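In our numbering, the protein residues as written are 35 to 125. Since the structure comes first, as structure tokens, the remarks are kept for the end.
Quick look at the structure:
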């Protein structure tokens, strides 16, 4: 973890969804805050699946965010942020 050795205050992993195993590994070896960046391609993938009625969008979105937290994220940066906030307020 070269970034930590160089004095990083926060570690970031992107894209988030494809590297959840790496996130878990990093979490197990650092006390630094860990940020995940849910990149635009991951966002577009869910939006396209929603558009074509292939998924229950709200359920998949919340499960995706839950996976990020479960893997060890302290922060999640996402184009879905406003939608997630609204969903969490409703529930």
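Glycine included, every Cβ here is placed at the ideal spot set by N, Cα and C. Note that this is a predicted model, so its numbers are computed, not measured.
Inter-stretch contact at 8 angstroms, needing at least 3 Cβ pairs: the region 69 to 78 / the region 37 to 57: Counting Cβ pairs under 8 angstroms, three or more are found: they touch.
CB contact flag (residue 113, residue 77, <8 angstroms): yes
Contacting residues, own chain, Cβ-Cβ under 6 angstroms from residue 105 (five flanking each side not counted): 54, 57 and 58
Residue environment, residue 99, which counts as buried when at least 16 other CB atoms sit within 10 Å: buried
Backbone secondary structure at residue 90 - three-state DSSP: coil
Same chain, Cβ closer than 8 angstroms to residue 121, neighbours up to 5 away in sequence not counted: The answer, listed in chain order, is 92, 95 and 96.
Of the residues 62, 90 and 89, the one placed nearest residue 108, counting alpha carbons only: Of the candidates 62, 90 and 89, the one whose C-alpha sits nearest the C-alpha of residue 108 is 62.
Three-state class that DSSP yields for residue 111 in the structure shown: strand
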